[in-house]
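Notes for the one structure printed next.
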Amino acid sequence: MATTENAESGSPENKVDRADPDAKYPLKVLYCGVCSLPTEYCEYMPEPAKCRQWLEKHFPDVFAKVTLGNVPKKETGGGEGSVEVPAAAEEEEKKKQKRGGRGQIKQKKKTVPQKVTIAKIPRAKKKYVTRVCGLATFDIDLKEAQRFFAQKFSCGASVTAEDEIIIQGDFTDDIIDVIQEKWPEVDDDSIDDLGEVKK
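If you count the sequence shown from 1, you need to add 191 to reach our numbering.
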């Protein structure tokens with residue numbers, strides 16, 4: 192009766208029986224230098240090709256074991272001149288989506304003309320706001336530009352859209368000179384003053 196109780200309670204003697212007899216303890220786990228996970232989990236990372244390259248460079252013997260088990264190598268040709276093609280398997284793996292969610296699609300940058308537009312928009316009664324659009328086409332950080340305008344004109348400014356800064360007050364006369372002074376890559380030809388525009 193005592194032996195069945197030990198088996199049910201999960202005593203240390205039973206755990207030793209389930210362990211791999213060939214394993215040497217403590218186990219040494221090889222961690223990947225790219226993704227910092229154990230090497231057997233690299234295939235689940237977004238870029239397993241980089242992990243494979245690192246493993247091949249630093250631990251070729253482990254890489255040989257992993258590739259023999261995972262990547263089926265294709266042969267082309269007839270007899271002696273057969274060539275292994277693991278690159279086709281890597282290319283196919285890149286196309287395949289990993290682990291749920293949306294696939295990683297690189298968005299193409301839209302070629303938008305580099306033009307800064309300035310407009311005065313009426314708010315209430317005799318109050319106006321100044322809208323500056325197009326600074327992002329010159330790779331100018333909008334958050335930094337918003338802080339600069341708020342400090343320069345001593346007023347409130349905010350980034351409202353993808354490429355739009357709203358400055359509280361009518362600064363259409365001064366803002367062209369300020370933009371050219373702060374960001375010299377924005378020349379006079381690329382700034383367009385639209386005047387008073389309704390929202």
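Don't be surprised by glycine CBs; every beta carbon is placed ideally from N, CA and C.
Reference residue i, options the options, closest by Cα
i, options, result
"residue 330", "220, 375, 314, 251", "375"
"residue 314", "215, 229, 388, 213", "388"
"residue 257", "232, 382, 353", "232"
"residue 319", "212, 334, 362", "362"
"residue 373", "339, 350, 317", "339"
"residue 332", "316, 317, 354", "354"
For residue i, the first and last residue of its enclosing beta strand (DSSP E)
i, result
"residue 233", "Neither: residue 233 is in no beta strand (DSSP E) and is coded neither H nor E."
"residue 320", "319-324"
"residue 305", "Where residue 305 is concerned, there is no enclosing beta strand (DSSP E), given that its DSSP letter is neither H nor E."
"residue 350", "348-352"
"residue 386", "382-387"
"residue 355", "355-359"
Residue j beta carbon less than 8 Å from that of residue i
i, j, result
"residue 309", "residue 323", "yes"
"residue 356", "residue 385", "no"
"residue 369", "residue 390", "no"
"residue 346", "residue 359", "yes"
"residue 381", "residue 334", "no"
"residue 225", "residue 242", "yes"
"residue 371", "residue 383", "no"
"residue 341", "residue 348", "yes"
Delimiting residues of the alpha helix (DSSP H) encompassing residue i
i, result
"residue 336", "333-344"
"residue 363", "363-373"
Proximal residues to residue i (C-beta, below 6 Å), its chain only, five neighbours per side dropped
i, result
"residue 239", "233"
Whole-angstrom C-beta distance between residue j and residue i, which should lie under 8 Å
i, j, result
"residue 229", "residue 235", "That pair is no contact at about 11 Å."
Close Cβ partners of residue i (< 7 Å) along its chain, the five nearest in sequence each way excluded
i, result
"residue 366", "309, 321, 323"
"residue 377", "307, 329, 370, 371"
"residue 220", "229"
Residue i Cβ short of 7 Å to the ligand NAP heavy atom set
i, result
"residue 344", "This structure lacks the ligand NAP, and indeed carries no ligand of any kind."
8 Å Cβ shell around residue i - same chain, five flanking residues per side excluded
i, result
"residue 246", "223, 230, 233, 253, 254, 257"
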